[in-house]
Amino acid sequence: QQMKTPSTSLLSLLFLFLFSISWAASADHTHEDFLQCLSLHSQNSTSISKVLYTPNNTSYLPILEFSIQNLRFSSATTPKPLVIVTPLHESEIQATIYCSKKHGLQIRVRSGGHDYEGLSYVSEIPFLIVDLINLRSINVDVENSTAWVQTGATIGELYYQ
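Quick note on numbering: the sequence shown equals residues -24 to -1, 1 to 137 in mature numbering (1 follows the signal peptide of the UniProt record, and there is no 0).
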């Protein structure tokens, strides 16, 4: 067998380095484009900024880790979302879906239920989390024997309503 020359190894290393820089720049570009799209397609661009959390926000990690049921998915090596969106209105969900599709980001939805498998907050491809924690109203109409429960409500909240 022929040994690799130092220049071949160096060239391979250089290629990997440049590829990783290119990939990181592309991820940052997608992230910024997504945020701009969200601002443009939201009914109120001021309010949308109040429900967005990026790794640059101090609230990002507490919001991410708030409802993680299985601590195995909160390690430093676990892939993290580019953005966490905690919508206050249904229209913010619509804008998030539109912009994530436009910019090739996968959506993970987190609601008031259990997720021991980590499906709501882990992905191997670039993704964002739509955390429905703010959409948790419960309206019970005893007269008509009906209830309207938003998806962010927990079973405990529903039980005590």
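Heads up, the beta-carbon is just placed ideally off N, CA and C, and yes, glycines get one too.
Because the structure is a prediction, the values reported are computed rather than measured.
Item	Value
Nearest by alpha-carbon distance to Gly94: which of Leu37, Thr130, Ile44 is it?	Ile44
How would you label Val27, buried or exposed, when you count the other beta carbons within 10 angstroms and need 16 or more for buried?	buried
How many angstroms separate the CA atom of Leu108 from the CA atom of Thr122?	22 Å
Between which residues of its own chain and Ser50 is the CB-CB distance below 7 Å, once the five residues before and five after are set aside?	Glu41, Ile44
By the three-class DSSP mapping on this structure, what secondary structure does Tyr135 have?	helix
Take Glu133 and list the residues in its own chain whose beta-carbon comes closer than 7 Å to its own, dropping the five residues that flank it on each side.	Arg112, Ile114
What runs of the beta strand (DSSP E), each 3 residues or longer, lie entirely inside the stretch 26 to 103?	59 to 61, 82 to 86
Whole angstroms is fine: what's the gap from Asn32's alpha carbon to Asn120's?	48 Å
Look up Thr122 in the DSSP assignment and say whether it is helix, strand or coil.	strand
Just how far apart, CA to CA, sit Phe(-6) and Thr54?	Confidence at Phe(-6) is low in this model, with a pLDDT of 47, below 50, so its placement is unreliable and the value that follows should be read with caution. For Phe(-6) and Thr54, the distance between alpha carbons rounds to 22 Å.
From the DSSP secondary-structure annotation, give me the bridge partner or partners of Asn115.	Trp124
According to the neighbour-count rule (16 or more other Cβ atoms, all chains shown, within 10 Å of its Cβ), is Tyr97 buried or exposed?	buried
How big is the Cα-Cα spacing for residue 166 and His7?	This structure cannot settle anything about residue 166, because the visible part of the chain is limited to -24 through 137.
Which residue from Val106, Tyr29, Glu100 puts its Cα closest to that of Val85?	Val106
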